[in-house]
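Data first, discussion second: the structure below is written as structure tokens.
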DNA sequence: CTAGGGTTACAA
DNA sequence: TTGTAACCCTAG
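In our numbering, the protein residues as written are 10 to 300.
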């Protein structure tokens, strides 16, 4: 009760950065035992160092543009507001994936017209609804599935876990031993539509209109169930065609991604070799030279 | 001991 | 309500 959350101070953060530079990432125990950082990181465990470094890495490579300066220190005893931004050392992360613009280059204007910035919830529900795994889908599977459709952040997997947990809270998702799956009640609610999450209630009039294209039943039929079934079939067919189209685009996209990956690999290799020789250079230098 | 998934608490 | 940071738990 005394320590709800102990936020990292600038001093601790800097000590961690320097420690990683000295001993390398992964030697958390060594860094923590180092007499140089020991006084600063005395209240931190090696696991804490690891976790902090993980967050730090993701933040640096992910949304670096957004300054997310949180409250400096809510319970700062010796709070000397001396930010030390002199050291802008980025953690050694492969942010090559973020070298390209964050926005997806191929985006059909008609496909997604959601003004909302980014709703991961809809992506997750979409993925889960499409996977339809009876045993539930593993988080890796879900993550992989979504990555195929949308460009995601490097820390998306972590976001996914948090988001999944939220969805469980509202009974939309069910967790089965490491896997996640749509709740039956929610799965029945959302069958075909995956375009717009804010789907309004269907009117019977629309259903009859949709049924006319089938020619299998007469629209004048009093059978409401038939109309409903027809509407469902139409919607399903539409969803399937839409899906097929997307899959084709997916194949294309994957091929393109493979090419890009190869290029990036070459770039990375050259970077590594040069750095091994002691050269100091930036990615932009190499990139400019290569491409 | 480290890496990673998962959970909880806090802030916008 | 959503995203993030700190914390916890477990496998290798």
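The beta carbon of each residue, even a glycine, is placed where N, CA and C say it ideally should be.
In this text, all values refer to a predicted model and were calculated from it rather than measured experimentally.
I need the DSSP call for residue 4, collapsed to helix, strand or coil. Limits of the chain in this structure are 10 at one end and 300 at the other, which puts residue 4 out of reach.
Assuming residue 21 and residue 53 form a contact by the criterion Cβ under 8 Å, report the distance between their Cβ atoms to the nearest whole angstrom. Here residue 21 corresponds to residue number 12 of the first chain, with the count starting at 1. Here residue 53 corresponds to residue number 44 of the first chain, with the count starting at 1. About 7 Å; that satisfies the 8 Å criterion.
In the DSSP assignment, find the beta strand (DSSP E) that holds residue 179 and state where it starts and stops. The count along the first chain starts at 1 and reaches residue 179 at position 170. Careful: residue 179 lies outside any beta strand (DSSP E) and carries neither H nor E.
According to DSSP, is residue 191 helix, strand or coil? The sequence position of residue 191 within the first chain is 182, counting from 1. Residue 191: strand per DSSP, three-state reduction.
Using DSSP's beta-bridge definition, name the partner residues of residue 147. Along the first chain, read from residue 1 onward, the residue named residue 147 stands at position 138. Under DSSP, residue 147 forms a beta bridge with 188.
Going by alpha carbons, who is nearest to residue 186 out of 26, 59, 148, 134? Position 177 of the first chain, counted from the first residue, corresponds to residue 186. Taking only the C-alpha atoms, the option nearest residue 186 is 148.
For residue 34, which of helix, strand or coil comes out of DSSP? Looking up residue 34 in the first chain gives position 25. Coil, per DSSP.
Cβ-based neighbour list, residue 47, same chain, cut-off 6 Å, excluding 5 preceding and 5 following: Position 38 of the first chain, counted from the first residue, corresponds to residue 47. So the list is empty, once near-sequence residues are dropped.
Let's test the definition: count the other Cβ atoms within 10 Å of the Cβ of residue 151 and tell me whether it reaches 16, buried, or not, exposed. Position 142 of the first chain holds residue 151. The residue in question, residue 151, is buried, as its Cβ has 16 or more Cβ neighbours within 10 Å.
My assumption, with CB atoms under 8 Å, is that residue 195 sits in contact with residue 173. Please give the rounded CB distance. Here residue 195 refers to the residue found at position 186 when the first chain is read from its first residue. Here residue 173 refers to the residue found at position 164 when the first chain is read from its first residue. That belief does not hold up - the Cβ atoms of residue 195 and residue 173 are roughly 13 Å apart, past 8 Å.
Using beta-carbon positions only, say whether residue 58 and residue 24 come within less than 7 Å of one another. Working through the first chain from its first residue, we reach residue 58 at position 49. Working through the first chain from its first residue, we reach residue 24 at position 15. No. Outside cutoff.
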